[in-house]
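Participant: Have a look at this one.
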Amino acid sequence: MANRRPQLNDDDLQRVKWRLGGLLTLLAVSAVLYLDVPAWPLLLLIVLGVGIVMWKPAWPARIPAWCHRLAFPFIVVSFVADLYLTGEPLPALVRLDLLLLFYRSVMHRKRRDDLQLVILGLFLVVLAGVLTVSLFFVVQILAFTACALVFLLLVTLAPSASTDEGTPAWAISGWNGLWGRVRAAMDGRVALLAGGLFAGLVVVSAGLFMAIPRFELQNSLFLERFMTKKAKTGFSDRISFGDVTDIQQDSGVAVRIDVTDAAQIPADPYWRMVVLDEYRDATFRLSAWMQRNAFTPERTRAGERGDVPPRLGEPALWTFYLESGVSRYLPLTGPFEVLLFRERQNFRSAPALGLIALRNEPVSMMAYQVQGMVSGTTLPDKAFAAQIAGADGEKSTTLRLELGEEDRAKLAAVVREITQGETVSAAEFARRASQWLQSKHDYGLQSQTPAGAGDPLVRWLLSDAPGHCELFAGSLVVLARSAGFPARVVTGFRGGNWNGFSNNYTLRNSDAHAWCEVFDREAQAWLRADPTPGAASVGQDDPQLTGAQTRAVDRSWTARLDSLRVFWYRRIVNFDQSTQVETAKAVRSAVQETGRRIREWLQRSGEQFKAWVQAPWNWDRGAVTAGALLAVLGCGWVLLLAVRRVRLLAWRKHKLHPVRLDAGRWLVRLTAKSSDGILCRDLQQLRYGAEVNWPIPTRTFARARREWRRVKRMTLIQKQP
1 MANRRPQLND
11 DDLQRVKWRL
21 GGLLTLLAVS
31 AVLYLDVPAW
41 PLLLLIVLGV
51 GIVMWKPAWP
61 ARIPAWCHRL
71 AFPFIVVSFV
81 ADLYLTGEPL
91 PALVRLDLLL
101 LFYRSVMHRK
111 RRDDLQLVIL
121 GLFLVVLAGV
131 LTVSLFFVVQ
141 ILAFTACALV
151 FLLLVTLAPS
161 ASTDEGTPAW
171 AISGWNGLWG
181 RVRAAMDGRV
191 ALLAGGLFAG
201 LVVVSAGLFM
211 AIPRFELQNS
221 LFLERFMTKK
231 AKTGFSDRIS
241 FGDVTDIQQD
251 SGVAVRIDVT
261 DAAQIPADPY
271 WRMVVLDEYR
281 DATFRLSAWM
291 QRNAFTPERT
301 RAGERGDVPP
311 RLGEPALWTF
321 YLESGVSRYL
331 PLTGPFEVLL
341 FRERQNFRSA
351 PALGLIALRN
361 EPVSMMAYQV
371 QGMVSGTTLP
381 DKAFAAQIAG
391 ADGEKSTTLR
401 LELGEEDRAK
411 LAAVVREITQ
421 GETVSAAEFA
431 RRASQWLQSK
441 HDYGLQSQTP
451 AGAGDPLVRW
461 LLSDAPGHCE
471 LFAGSLVVLA
481 RSAGFPARVV
491 TGFRGGNWNG
501 FSNNYTLRNS
511 DAHAWCEVFD
521 REAQAWLRAD
531 PTPGAASVGQ
541 DDPQLTGAQT
551 RAVDRSWTAR
561 LDSLRVFWYR
571 RIVNFDQSTQ
581 VETAKAVRSA
591 VQETGRRIRE
601 WLQRSGEQFK
611 AWVQAPWNWD
621 RGAVTAGALL
631 AVLGCGWVLL
641 LAVRRVRLLA
651 WRKHKLHPVR
661 LDAGRWLVRL
671 TAKSSDGILC
681 RDLQQLRYGA
691 EVNWPIPTRT
701 FARARREWRR
711 VKRMTLIQKQ
721 P
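Shown next, in the form of structure tokens:
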């Protein structure tokens, strides 16, 4: 008789549950990495604490009782203080959840505490799922779900922990050889079935996710208002020198762009985000006057119609995927016809500036589409031309120089050197001033403003120190204002690269840039002027992407991995009903195409085999065919021996001979249906008898097969009328 499979005792179940609870805690707290919540000290504390108690499970019993009595008041006070000091409810709730998880994971738990552990971990995972679109989170949530299901099964099987104080017996000893006992007690077929059911559930869930139409959840389940995210880029309504430089040292992706007509992207595109017109205290900022007069009142809509009139033909459609932490200002190349959000947003628009400003910075990836967007080196602004020609034109913030008399005099001297006493246009002055700056300064991310009195920007302008784009753009602005030309700083992105795998345009944080715009009174438009070395000349039209795309195609491994994110954004995150239908058609087409190729291959193979058989035979061909048949038979024989070897190894492990297994299967089939008593007796001898008394197994099984065929024939005859 075969030995029964060993079972885990109650203490072993508690030990496995303890280890699995620690793993579940680590999986749950790792979801915080997808959130922009400052909680690194807590994360390190949890990882360290859970690791220690998983290694030394008896140590939690050594904690004094007064620590348990103070734990809950301490957690409550910490949460209240956190909420009061930060004013951010959601990050405070996350840190509260981490504290509770830490306490529950390092203490000996009852069944109620185990369920609380699952709920606390589930809160973090669900929150991360709402606020992130990372591909890696798919693996995270699958691992957490599988671990939670096994943990809940153990909670159901294991007896409730004792309420007595002290170290439980299961925590003191018995850990050596635990996983060996688990492997011995585990039924591989049950584990395989459970894994198959879980995989099937994942596949069905994914299919339903792709098939069910989406509905928009405004502002990520309103969680944005409870959580503020610090921008990585510094693209706000003010910049101090060095802000854009900090982001240039970060190569992370900021924006991904899909466009229906790639030729619409200029070879050297400028993506404007913020316009800064006021310079004061060594800082450029968006003035209060501009915020009141250039921007519309805040509105809540799912789109905005721009000032660009509809044009003949099919306009290019731009789809932007703006990563979190970039800015509340949306990158655009210029004015547009229509802008659409995936959901209703609170925003303000500035048509004359070509800007869209959200109320809050998105805490997760935000997608929006722009139709009929134009790009160029000029931005018409007739309203500003009328304003500057009026009586209060000299008070414009784009002309104001809040500098000391000494700094004004120094700038005037530089202007005379640039113009040589000539009266020049705005475009010509911007070109000459850019050349003058480039002749005096080299470009460098690291720059140090010379020490001394006066404005730091003027001190750098008059020195020969290297500088970054902000210093070049700011210097051109103050020089233009000193010469009587309205000017302002614009920040955003310049350039980018084309992903050769996903066919989209990518802007990285390292593409952050600052340039300036000088107003041309005659043209009644703002001229883009970029004095940074390597930029295009003032007013020069950019060639289209036809040549630039070939030069800037990114086919690196980074681009290959990023193409997976783009696919996720296109087909999952930015899913609408039309793309669902498109994906369903693509899947059906792929299945049909695969079936067609298989049928063609089978048909072609059959025709080739038929032609081969009908071809004339000779001794050489016969010898080759015989050799091939012998090789196939030899491989089959080797495979049969390998299968028998595996069965013998399984027999040695489970103490049950393969012959006994086969005899048991035939007995189940024939005992109630066969009339051959001798055959049944021989099968019983093979199943239960000593090996020395066995009949020949192969002959007995051959008789069993013949008897089984006879029984099936008799059954069919009896069923006939």
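In this text, residue positions in the sequence shown follow this note's numbering: the first is 1, and each later residue adds one. Every residue, glycine too, gets a C-beta built ideally from N, C-alpha and C. What you are looking at is a predicted structure, and each value in this text was computed from that prediction instead of being measured.
Are the CB atoms of Phe137 and Tyr34 nearer to each other than 8 Å?
Facilitator: Yes.
Participant: Does the beta-carbon distance from Met273 to Tyr329 come in below 8 Å?
Facilitator: Yes, these two residues count as a Cβ contact at 8 Å.
Participant: Would you say Leu100 and Leu85 are within 8 Å of each other, going by their C-beta atoms?
Facilitator: No, the pair does not count as a contact, with Cβ atoms beyond the cut-off.
Participant: Should the region 89 to 100 be called in touch with the region 70 to 81, which here means at least 3 C-beta pairs below 8 Å?
Facilitator: Touching, yes.
Participant: Identify, in the order they occur along the chain, each residue of the same chain with its Cβ nearer than 8 Å to the Cβ of Val32, setting aside the five sequence neighbours on each side.
Facilitator: Hits under 8 Å: Ala39, Leu43, Val94, Leu98, Leu124, Ala128.
Participant: Okay, do the region 527 to 534 and the region 358 to 378 touch, 3+ Cβ pairs below 8 Å being the bar?
Facilitator: Yes: the two stretches touch, three or more of their Cβ pairs being nearer than 8 Å.
Participant: Indicate whether Ala316 and Gln387 have their beta-carbon atoms separated by less than 8 Å.
Facilitator: The answer is no: Cβ separation not under 8 Å.
Participant: Consult DSSP for Leu340 and reduce its assignment to one of helix, strand or coil.
Facilitator: Looking at Leu340 - three-state DSSP - the assignment turns out to be strand.
Participant: What runs of the alpha helix (DSSP H), each 4 residues or longer, lie entirely inside the region 108 to 140?
Facilitator: Within the region 108 to 140, the complete alpha helix (DSSP H) runs of at least 4 residues are 111 to 131.
Participant: Would DSSP call Thr378 helix, strand or coil?
Facilitator: In this structure, Thr378 counts as strand in the three-state DSSP scheme.
Participant: Pick helix, strand or coil for Met366, following the three-state DSSP scheme.
Facilitator: Strand, per DSSP.
Participant: Would you report the Cα separation of Thr145 and Val139, rounded to the nearest angstrom?
Facilitator: If I take the Cα positions, the gap works out to 10 Å.
Participant: From the DSSP output, read off the bridge partner residues of Glu304.
Facilitator: Leu339.
Participant: Is Gly306 closer than 8 Å to Val338 when the C-beta atoms are compared?
Facilitator: Yes, the Cβ-Cβ distance between Val338 and Gly306 is below 8 Å.
Participant: Once the 5 residues before and after Ser425 are set aside, which same chain residues still bring their CB inside 6 Å of it?
Facilitator: Counting only Cβ-Cβ distances below 6 Å, and skipping sequence neighbours, we find nothing.
Participant: Is the beta carbon of Val363 closer than 8 Å to that of Leu152?
Facilitator: Result no, Cβ atoms of Leu152 and Val363 do not sit closer than 8 Å.
Participant: Starting from Gly390 and walking both ways along the alpha helix (DSSP H), at which residues does that stretch end?
Facilitator: Here Gly390 belongs to no alpha helix (DSSP H), and DSSP marks it neither H nor E.
Participant: Can you give the Cα-Cα distance for Ser251 and Ser324, rounded to whole angstroms?
Facilitator: When rounded, the distance between both Cα atoms is 15 Å.
Participant: Leaving aside the five residues before and after Leu135 along the sequence, list all residues of the same chain whose C-beta is less than 7 Å from its C-beta, in chain order.
Facilitator: Leu564, Arg565, Trp568, listed in sequence order.
Participant: The beta strand (DSSP E) with Ile265 in it runs from where to where?
Facilitator: No beta strand (DSSP E) contains Ile265, which DSSP labels as neither H nor E.
Participant: Using a 10 Å radius around the Cβ and a threshold of 16 neighbouring Cβ atoms, would you call Glu216 buried or exposed?
Facilitator: Because the pLDDT of Glu216 is 45, which lies under 50, any placement of that residue in the model is unreliable, and the number read from its coordinates should be weighed accordingly. Looking at its Cβ environment, which holds fewer than 16 other Cβ atoms inside 10 Å, Glu216 is exposed.
Participant: Among Asn503, Cys67, Pro159, Val47, which one has its Cα closest to the Cα of Arg15?
Facilitator: That would be Pro159, whose Cα lies nearest to the Cα of Arg15.
Participant: Looking only at C-alpha atoms, which of Ile52, Ala487, Leu683 sits nearest to Val275?
Facilitator: Nearest of Ile52, Ala487, Leu683 to Val275, Cα basis: Ala487.
Participant: If you draw a straight line from the alpha carbon of Arg183 to that of Pro168, how long is it in whole angstroms?
Facilitator: Computed Cα separation, rounded: 24 Å.
Participant: Which residue wins for smallest C-alpha separation from Leu670, given the options Pro269, Val711, Leu639, Pro697?
Facilitator: Closest option to Leu670, Cα to Cα, is Val711.
Participant: Return yes when the Cβ of Val458 is within less than 8 Å of the Cβ of Trp498, no when it is not.
Facilitator: It is not a contact, given that the beta carbons lie outside the stated cut-off.
Participant: Quick one: using the 10 Å Cβ neighbour count with 16 as the cut-off for buried, is Leu355 buried or exposed?
Facilitator: Leu355 is buried by the Cβ-count criterion.
Participant: Short of 8 Å in beta carbon distance, which residues of its chain neighbour Arg346, apart from the five on each side in sequence? Order them along the chain.
Facilitator: First, the residue type needs correcting, since residue 346 is Asn and not Arg in the sequence shown. So the qualifying residues of the chain are Glu298, Arg299, Thr300, Leu358, Arg359, Asn360.
Participant: On a Cα-Cα basis, can you pick out the residue from Leu322, Ala702, Thr419 that is closest to Arg432?
Facilitator: Measuring from the Cα of Arg432, the nearest candidate turns out to be Thr419.
Participant: Would you call the region 619 to 636 and the region 661 to 669 in contact, with 3 or more CB pairs under 8 Å?
Facilitator: Because the criterion of three Cβ pairs below 8 Å is not met, the region 619 to 636 and the region 661 to 669 do not touch.
Participant: Mind checking who His513 pairs with in its DSSP beta bridge?
Facilitator: According to DSSP, which records beta bridges pairwise, His513 is partnered with Gly492.
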